[in-house]
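S.K.:
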Amino acid sequence: MKGPILNIFLKNPVPGKVKTRLAKDIGEEAALEVYQALVEKTRTVCKDLDVPKVLWFDSYLPNPSDLGSWGHSPLLIRKQEGKDLGEKMRNAFLYCFQNGSSPAILIGSDCPELDPLHLKEAFQILDHKDVVLGPAKDGGYYLVGLKSDTPELFHGIEWSTETVFARSLEKLQWARKQVGLLPVLSDLDDVQDLEYFESNGILDWKKNGY
Numbered sequence: 000m001k002g003p004i005l006n007i008f009l010k011n012p013v014p015g016k017v018k019t020r021l022a023k024d025i026g027e028e029a030a031l032e033v034y035q036a037l038v039e040k041t042r043t044v045c046k047d048l049d050v051p052k053v054l055w056f057d058s059y060l061p062n063p064s065d066l067g068s069w070g071h072s073p074l075l076i077r078k079q080e081g082k083d084l085g086e087k088m089r090n091a092f093l094y095c096f097q098n099g100s101s102p103a104i105l106i107g108s109d110c111p112e113l114d115p116l117h118l119k120e121a122f123q124i125l126d127h128k129d130v131v132l133g134p135a136k137d138g139g140y141y142l143v144g145l146k147s148d149t150p151e152l153f154h155g156i157e158w159s160t161e162t163v164f165a166r167s168l169e170k171l172q173w174a175r176k177q178v179g180l181l182p183v184l185s186d187l188d189d190v191q192d193l194e195y196f197e198s199n200g201i202l203d204w205k206k207n208g209y
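For the sequence shown, numbering that gives the first Met the number 0 assigns the number 0 to the initial residue and increments by one for each residue that follows.
#1: Just tell me which of 143, 138, 93 has its CA closest to the CA of residue 124.
#2: If distances are taken between C-alpha atoms only, which option among 39, 13, 41 comes closest to residue 30?
#3: Rounded to the nearest angstrom, what separates residue 203 and residue 4 at their Cα positions?
#4: Cβ atoms of residue 61 and residue 11: under 9 Å apart, would you say?
#5: Is it the case that the Cβ atoms of residue 40 and residue 102 are separated by a distance below 9 Å?
#6: With distances taken between CB atoms, is the gap from residue 150 to residue 100 smaller than 9 Å?
#7: Counting only runs that start and end within the stretch 9 to 67, where is the beta strand (DSSP E) found for 3 or more residues in a row?
#8: In three-state terms, what does DSSP make of residue 156?
#9: Can you tell me which of the three DSSP states residue 182 falls into?
#10: In its own chain, which residues sit with a C-beta less than 7 Å from the C-beta of residue 153, not counting the 5 before and 5 after it?
#11: Once DSSP output is grouped into helix, strand and coil, what is the label at residue 144?
#12: Return helix, strand or coil for residue 93, following the three-state DSSP convention.
#13: On the DSSP letters alone, give me the boundaries of the alpha helix (DSSP H) that residue 166 sits inside.
#14: So, are the CB atoms of residue 78 and residue 92 less than 9 Å apart?
#15: Determine the DSSP secondary structure at residue 198, reduced to helix, strand or coil.
#16: Tell me which residues share the same chain as residue 146 and place their Cβ nearer than 7 Å to its Cβ, disregarding the 5 neighbours each side in the sequence.
#17: Which residue marks the beginning of the beta strand (DSSP E) containing residue 176, and which one marks its end?
#18: Pull up the CB-CB distance for residue 108 and residue 9, whole angstroms please, since I reckon it's below 8 Å.
#19: Run through the DSSP bridge pairs and tell me what residue 2 is partnered with.
#20: Can the beta-carbon of residue 178 be found less than 9 Å from the beta-carbon of residue 132?
#21: Over what stretch of residues does the alpha helix (DSSP H) that includes residue 118 continue unbroken?
#22: Just reading off the beta strand (DSSP E) that residue 133 is part of, what are its end residues?
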């Protein structure tokens, strides 16, 4: 598949394996419901973007009939490969580039504030920049996009810390990459985040309450 492509990193919906920080406060089953609501919101955001999409799952490949509609563009399902998050992300990008797809964008499902305009803007930025990042308020990033392999971005980073974005930007500057930035958005990681998104009508997740 030539041209732009969107990658989405997902976890298989297994209690105790998703939103583990949140699960400490609301329980594993409720945390799973939150995660499924986040995936559904992500699917809605991506659905109308007219580019091929790759769903990358962390442990096993699900039945395609369980995925719902991700739009009318081609959809691929693959398993994440690598020892840590950096290696998994780089391997996903390499898969795209080796198959002729560029530019490539990668998102997760933890950002309820993400909307279709952010995705469109990211692809537009890559028309004239090497890299695009969507910084998150917790110090990470909710989106990364590349036009070509950028190995320095995926090693020497302490993942899941508040230094991820700053360290990534530093590495890209050392590598003399031109970087474009999206607006700062909030991820959903803990119970305070959940209460904020729920009270502001951004994420409606409750089936049974907690």
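The beta-carbon is built from N, C-alpha and C at its ideal position, and this holds for glycine as well.
Only a predicted model underlies this, so the values are computations on that prediction, with no experimental measurement involved.
M.R.: Based on what the coordinates show:
#1: Translated into the one-based positions of the sequence shown, residue 124 becomes position 125. Checking every option, the nearest Cα to that of residue 124 belongs to 143.
#2: Indexing the sequence shown from 1 puts residue 30 at position 31. With distances taken between CA atoms, residue 30 lies nearest to 13 out of 39, 13, 41.
#3: Sequence index remark: in the sequence shown, residue 203 carries index 204 (1-based). Sequence index remark: in the sequence shown, residue 4 carries index 5 (1-based). Between residue 203 and residue 4, the C-alpha separation is close to 29 Å.
#4: Numbered from its first residue, the sequence shown carries residue 11 at position 12. Numbered from its first residue, the sequence shown carries residue 61 at position 62. With contacts defined by Cβ atoms closer than 9 Å, residue 11 and residue 61 form a contacting pair.
#5: Translated into positions along the sequence shown, residue 40 becomes position 41. Translated into positions along the sequence shown, residue 102 becomes position 103. Result no, Cβ atoms of residue 40 and residue 102 do not sit closer than 9 Å.
#6: Sequence index remark: in the sequence shown, residue 150 carries index 151 (1-based). Sequence index remark: in the sequence shown, residue 100 carries index 101 (1-based). Here residue 150 is not near residue 100, since their CB atoms are 9 Å or more apart.
#7: Under the rule that a run must span 3 or more residues, the beta strand (DSSP E) segments found entirely inside the stretch 9 to 67 read 52 to 56.
#8: Locating residue 156 in the sequence shown gives position 157, counting from the first residue. Of the three classes helix, strand and coil, the one that applies to residue 156 here is coil, per DSSP.
#9: Indexing the sequence shown from 1 puts residue 182 at position 183. Residue 182 falls in the coil class under three-state DSSP.
#10: For the purposes of this step, residue 153 is identified with residue 154 of the sequence shown, where counting begins at 1. Result list for residue 153: 85, 86, 88, 89, in chain order.
#11: Taking the first residue of the sequence shown as 1, we reach residue 144 at position 145. Looking at residue 144 - three-state DSSP - the assignment turns out to be strand.
#12: Looking up residue 93 in the sequence shown gives position 94. Helix, per DSSP.
#13: Start at 1 with the first residue of the sequence shown, and residue 166 comes out as number 167. Run containing residue 166: 163 to 173, per the alpha helix (DSSP H) assignment.
#14: Position 79 of the sequence shown, counted from the start, is the residue given in the question as residue 78. Position 93 of the sequence shown, counted from the start, is the residue given in the question as residue 92. In this structure, residue 92 does not lie closer than 9 Å to residue 78 by Cβ.
#15: Counted from its first residue, the sequence shown places residue 198 at position 199. Note: residue 198 maps to helix in three-state DSSP.
#16: Counting from one through the sequence shown, the residue named residue 146 turns up at place 147. Around residue 146: 101, 102, 125, 129.
#17: Walking along the sequence shown from the start, residue 176 turns up at place 177. From DSSP, residue 176 is part of no beta strand (DSSP E); its letter is neither H nor E.
#18: Against the sequence shown, residue 108 aligns to sequence position 109. Against the sequence shown, residue 9 aligns to sequence position 10. Correct: roughly 6 Å between the Cβ atoms.
#19: Looking up residue 2 in the sequence shown gives position 3. DSSP lists 100 as partners of residue 2.
#20: Along the sequence shown, read from residue 1 onward, the residue named residue 178 stands at position 179. Along the sequence shown, read from residue 1 onward, the residue named residue 132 stands at position 133. Yes. Within cutoff.
#21: Counting from one through the sequence shown, the residue named residue 118 turns up at place 119. For residue 118, the enclosing alpha helix (DSSP H) has its first and last residue at 115 to 124.
#22: Counted from its first residue, the sequence shown places residue 133 at position 134. Counting along the chain, the beta strand (DSSP E) containing residue 133 begins and ends at 130 to 134.
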